[in-house]
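For the sequence shown, the residue numbers in my numbering are 232 to 335.
Report on the following structure.
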Amino acid sequence: MLVVTTDGVPGREVAEALGLVRGATVRAKHIGTDIVAGLRNLVGGEVKSYSSMLAGAREQAMDRMIEAARALGADAVVACRLETSSIMSGASEIVAYGTAVRLK
232 MLVVTTDGVP
242 GREVAEALGL
252 VRGATVRAKH
262 IGTDIVAGLR
272 NLVGGEVKSY
282 SSMLAGAREQ
292 AMDRMIEAAR
302 ALGADAVVAC
312 RLETSSIMSG
322 ASEIVAYGTA
332 VRLK
């Protein structure tokens, strides 16, 4: 499955737009990670456990979006976007969305 952030696929023509597809996941922080993050906040630098958690969440959201596109018979997803929002203290939602298309 080809996934692009552009409105089309360079060198290919869109034969049919199949509709909006999306995938989402919600991840919560771990108390141990919060302690490490608090210490990291004092000295600066990357909080690798958060980076890893969010990278995994983005991949899961993308995988779910691609699964939805395949279910529609799509060849590609165009105009793909990722959004993150805090839904409660200590938990974030990651959403991947775009337009499922068939290519000529």
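For every residue, glycine included, the Cβ atom is placed at its ideal position computed from N, Cα and C.
Computed from a predicted model, the values in this text were never measured in an experiment.
Three-state class that DSSP yields for E277 in the structure shown: What you label residue 277 is simply residue 46 of the sequence shown in a count that begins at 1. E277: coil per DSSP, three-state reduction.
Reduced DSSP secondary structure (H/G/I, E/B, other) of L303: The residue labelled residue 303 in the question sits at position 72 within the sequence shown. L303 falls in the coil class under three-state DSSP.
G239 in three-state terms, based on DSSP: Translated into the one-based positions of the sequence shown, residue 239 becomes position 8. In this structure, G239 counts as coil in the three-state DSSP scheme.
Own chain partners of S316 with C-beta closer than 6 Å, once the 5 adjacent residues on each side are dropped: Against the sequence shown, residue 316 aligns to sequence position 85. Only E324 meet the Cβ criterion.
Cβ-based burial, I297 [other Cβ within 10 Å; buried from 16]: On the sequence shown, position 66 is the one that residue 297 refers to. Buried is the call here.
Through-space distance from V245 to T256, alpha-carbon basis: As a working mapping, residue 256 is identified with position 25 in the sequence shown. As a working mapping, residue 245 is identified with position 14 in the sequence shown. Whole-angstrom Cα-Cα distance: 29 Å.
Per DSSP, the bridge partner or partners of G250: Position 19 of the sequence shown, counted from the start, is the residue given in the question as residue 250. Looking at the DSSP assignment, G250 forms a beta bridge with A331.
Selected residue, minimal CA-CA separation from R243, among A307, K260, S282: Indexing the sequence shown from 1 puts residue 243 at position 12. Cα-wise, what sits closest to R243 is A307.
Through-space distance from D238 to G329, alpha-carbon basis: In the sequence shown, the residue the question calls residue 329 occupies position 98. In the sequence shown, the residue the question calls residue 238 occupies position 7. Going from the Cα of G329 to the Cα of D238 covers about 9 Å.
Collapsed DSSP secondary structure at S317 in the structure displayed: As a first step, residue 317 is located in the sequence shown; it is residue number 86 there, counting from the start. Reduced to three states, the DSSP call for S317 is strand.
Sequence-distant residues of the same chain with beta carbon closer than 8 Å to L249, five excluded per side: Position 18 of the sequence shown, counted from the first residue, corresponds to residue 249. Excluding positions up to five away in sequence, the list reads A300, L303, G304, A305, T330, A331, V332, R333.
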